[in-house]
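For the sequence shown, this note's numbering assigns the number 305 to the last residue and increments by one with no breaks. Backbone N, C-alpha and C fix where the C-beta goes; we use that ideal spot for every residue, glycine too. Values in this document were obtained by computation on a predicted structure and should not be read as measured data. Read through the structure below, which is laid out as structure tokens, and then see the notes.
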Amino acid sequence: MSGWRLWALVAVLAVGCKAEPFRVEVLFPETGGLKPGDNVTIRGLSVGQVSDVDLHPQGVVARLEIKPRYIKHLDDQAVFAIADEKLVTGKRMLTVTPGSGAPLAAGAVVQGQAVPPGPLDRATKALGDTVDQAEQAVNRAVDKVGGKAKTLGRDLLNPDRSPPRAVGGTIDLDRPGRFALQVQKVRVYATQADGDDWDELAGEPDLLVQVWVGERQVLLAGPVDGVLEANWENLRSEPFELSPDAPIRVKVLDSDTSYNDEIGVASLQPGPEDVGRRFRLAAGRIEELVVTLVKAEEGVP
């Protein structure tokens, strides 16, 4: 065989092998709304797709195609479950929670976890022919979830992208608060905790910063695209009051079009005596976070 033909054959084989995904089959009692093309995720990160859903003697089988770089996270004790990806549209996804078992072999058949219906599923089944019946059913379902009811509206609004005041608490506009938090610097580690890049194209994260006081969001900044460090000169939260029952949390996320991956959450509980103090914090994959507690009226024209 001539030299150029040999090189052509090697190139074709290399391309074919490189693109081959890792395939796994998961058995469920029913589809649960899962469809071909739905995402497969691990800890919120898309690692593959559902290629096919078909009937099986035990119920249905979902055939998955996993990107080769994530094979190491699949084992025979991993939990495969169907979950909501978008609550409003009803889009589903298949979530994988890694275990501590032996690595899965290509083509393995595993049993998926049957997920009990949630309050919204029960409400949907109870819907009648009229709007009034639907509202009553949803209200009953919300009553049953107890403490989770107050977070239902925030989930629908997607607080990761909602502006301040869209979620959490009522504000006295005449007395909005005496304190504010000034965010000056965020620096994150170059890789995720498992050593992987922040995204598949080896790019840097798109930094999104939130400040929460208890259940109320008082700052949303960003995203700052493709950086490991962001600095601000005059980034300040809305006014708030300090309370032992309302700790301050600064969330740093990697912004995405469909969801935001959490990089880290730093918590602090300052008192009035800490006004002017510069806090240097680290949490999760946040390497350094610099914030200062200030009086709300300082520096405000």
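Please classify A110 as buried or exposed, where buried requires at least 16 other C-beta atoms within 10 Å of its C-beta.
Within the sequence shown, residue 110 is the residue found at index 106, counting from 1. That one is exposed.
Between the Cα of G3 and the Cα atoms of K255, T296 and D265, which residue gives the shortest distance?
Outside the displayed span of the chain (5 to 305) sits residue 3, for which this structure offers no information.
Among A300, G288 and V298, whose alpha-carbon lies nearest the alpha-carbon of Y193?
The residue you call residue 193 lines up with position 189 of the sequence shown. If you compare the alpha carbons of A300, G288 and V298 with that of Y193, the shortest gap goes to G288.
From which residue to which residue does the beta strand (DSSP E) around E233 run?
Here residue 233 corresponds to residue number 229 of the sequence shown, with the count starting at 1. E233 to R240 is the span of the beta strand (DSSP E), which, as asked, contains E233.
Which of the three DSSP states is assigned to E277 in this structure?
Locating residue 277 in the sequence shown gives position 273, where the first residue counts as 1. Three-state result, E277: helix.
Just how far apart, CA to CA, sit V308 and E242?
Nothing about residue 308 can be reported from this structure: the residues present for the chain run from 5 to 305 only.
First and last residue of the uninterrupted beta strand (DSSP E) at S104
For the purposes of this step, residue 104 is taken as the residue at position 100 of the sequence shown. Where S104 is concerned, there is no enclosing beta strand (DSSP E), given that its DSSP letter is neither H nor E.
Between which two residues does the beta strand (DSSP E) holding R289 run?
The sequence position of residue 289 within the sequence shown is 285, counting from 1. In the DSSP assignment, R289 falls outside any beta strand (DSSP E), carrying neither H nor E.
Integer-rounded CB distance, given that I86 should sit under 8 angstroms from V190:
On the sequence shown, residue 190 is found 186 positions in, with the first residue counted as 1. On the sequence shown, residue 86 is found 82 positions in, with the first residue counted as 1. Under the criterion of beta carbons closer than 8 angstroms, V190 and I86 do not qualify as touching, at roughly 35 angstroms.
Under the DSSP definition of a beta bridge, which residues are partnered with R220?
Against the sequence shown, residue 220 aligns to sequence position 216. DSSP output for R220 lists V217 as bridge partner(s).
Nearest to N235 (by Cα), restricted to the options K299, P102 and E292
To locate residue 235, count along the sequence shown from 1; it is residue 231. Closest in alpha carbon position to N235, among K299, P102 and E292, is E292.
For K71, does the three-state DSSP call read helix, strand or coil?
For the purposes of this step, residue 71 is taken as residue 67 along the sequence shown, with counting starting at 1. Coil, per DSSP.
With Q117 and V65 assumed to form a contact (beta carbons below 8 angstroms), what rounded beta-carbon distance in angstroms separates them?
Walking along the sequence shown from the start, residue 117 turns up at place 113. Walking along the sequence shown from the start, residue 65 turns up at place 61. Rounded, the Cβ-Cβ distance is 15 angstroms, inconsistent with contact.
Compute the beta-carbon to beta-carbon distance between Q62 and L31, rounded to the nearest angstrom, for a pair I have assumed lies under 8 angstroms.
Here residue 62 refers to the residue found at position 58 of the sequence shown. Here residue 31 refers to the residue found at position 27 of the sequence shown. The beta-carbon separation of Q62 and L31, rounded to 5 angstroms, stays under the 8 angstroms limit for a contact.
Per DSSP, the bridge partner or partners of E29
Position 25 of the sequence shown holds residue 29. Answer by DSSP bridge pairing, in chain order: R67 and V113.
Spatially closest choice to Q214 from G52, R182, D265 and D249, by CA coordinates
Translated into positions along the sequence shown, residue 214 becomes position 210. The shortest C-alpha separation from Q214 is found at D265.
Rounded to a whole number of angstroms, what is the C-alpha to C-alpha distance between E277 and P251?
Against the sequence shown, residue 277 aligns to sequence position 273. Against the sequence shown, residue 251 aligns to sequence position 247. C-alpha of E277 to C-alpha of P251: approximately 16 angstroms in a straight line.
Taking the alpha-carbon positions, what's the V231 to K71 distance?
Against the sequence shown, residue 231 aligns to sequence position 227. Against the sequence shown, residue 71 aligns to sequence position 67. Their backbone Cα atoms lie some 25 angstroms apart in a straight line.
For K76, three-class secondary structure by DSSP:
Locating residue 76 in the sequence shown gives position 72, where the first residue counts as 1. Correct three-state label for K76: helix.
Let me confirm a value: A106 is counted as buried when at least 16 other C-beta atoms fall within 10 Å, else exposed. Which label applies?
Within the sequence shown, numbered from 1, the residue matching residue 106 stands at position 102. A106 is exposed by the Cβ-count criterion.
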